[in-house]
Each structure stands twice: as structure tokens, then as C-alpha cells.
Amino acid sequence: FDDNMKSRLEKAKSENKKLRFIGKFEDGKASVALEAIGKEHPFYELQGSENIIAFHTDRYSDPPLVIKGTGAGAAVTAAGVLGDIQQCLVK
216 FDDNMKSRLE KAKSENKKLR FIGKFEDGKA SVALEAIGKE HPFYELQGSE
266 NIIAFHTDRY SDPPLVIKGT GAGAAVTAAG VLGDIQQCLV K
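According to the numbering used here, the residues represented by the sequence shown are 216 to 306, in order.
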């Protein structure tokens, strides 16, 4: 870790939070940011290669509709990325 990341991690831990990269799609705009989240957040208990998505809608606001499951893992993901790169080179 660089000093900035180390500082963010230590601050999160001191507040009983975890750092998670969280992608959002709101008002037609997408973003991804590293956020410190508390135990009340649906992504807090995410482990290893698990995937999770939370839908905040008019009907599912608080709490959101959450879908969680096992991810592909490193080997399958790497093979998929390599396959995508090969497809780009062919085109």
C-alpha cells in the first residue's frame, strides 16, 4: 500500500468500517469509488470472490433489494479477460 491507502485503511478500521470498491449507476451516470462502509451496508460482509448488487428503487429503497452469490474466481475471470483481449485483436 502507498501512504494514502494505508491511512484510509487504518481510519476505516478505527471506525469499525471496511473499504470496498463500489460501483454506482445514478441519474444516467456511472461511477466507481473506494468507500469506507459500516456494518449496516449490504456489502460489508462480502468475502473473497463473491459478487453482490444492491438495487435502490422506488419500491426497494431502505433496505434495497440485494442479490449476492459466488463469483467466478481469479482463474475464470483471467481467462475471460484474456478472451476479451483476443476478440479485440481479431477485430
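In this text, a Cβ means the ideal position worked out from N, Cα and C, and glycines have one as well. Here the structure is a predicted model, which is why all the values come from computation and not from measurement.
C-beta contact flag for residue i and residue j at 8 Å
| i | j | result |
| --- | --- | --- |
| Lys232 | Ile252 | yes |
| Leu261 | Arg223 | no |
| Ala269 | Pro257 | yes |
| Ser264 | Gly295 | no |
| Ile267 | Lys254 | no |
For residue j and residue i, the rounded distance between their alpha carbons
| i | j | result |
| --- | --- | --- |
| Ile237 | Glu250 | 7 Å |
| Ala245 | Tyr275 | 20 Å |
| Ala313 | Lys306 | Nothing about residue 313 can be read from this structure; the chain reaches only from 216 to 306. |
| Gly243 | Leu280 | 20 Å |
| Asp299 | Val291 | 12 Å |
Top-ranked residue by Cα proximity to residue i, from the options
| i | options | result |
| --- | --- | --- |
| Phe240 | Asp217, Cys303, Pro278 and Thr272 | Thr272 |
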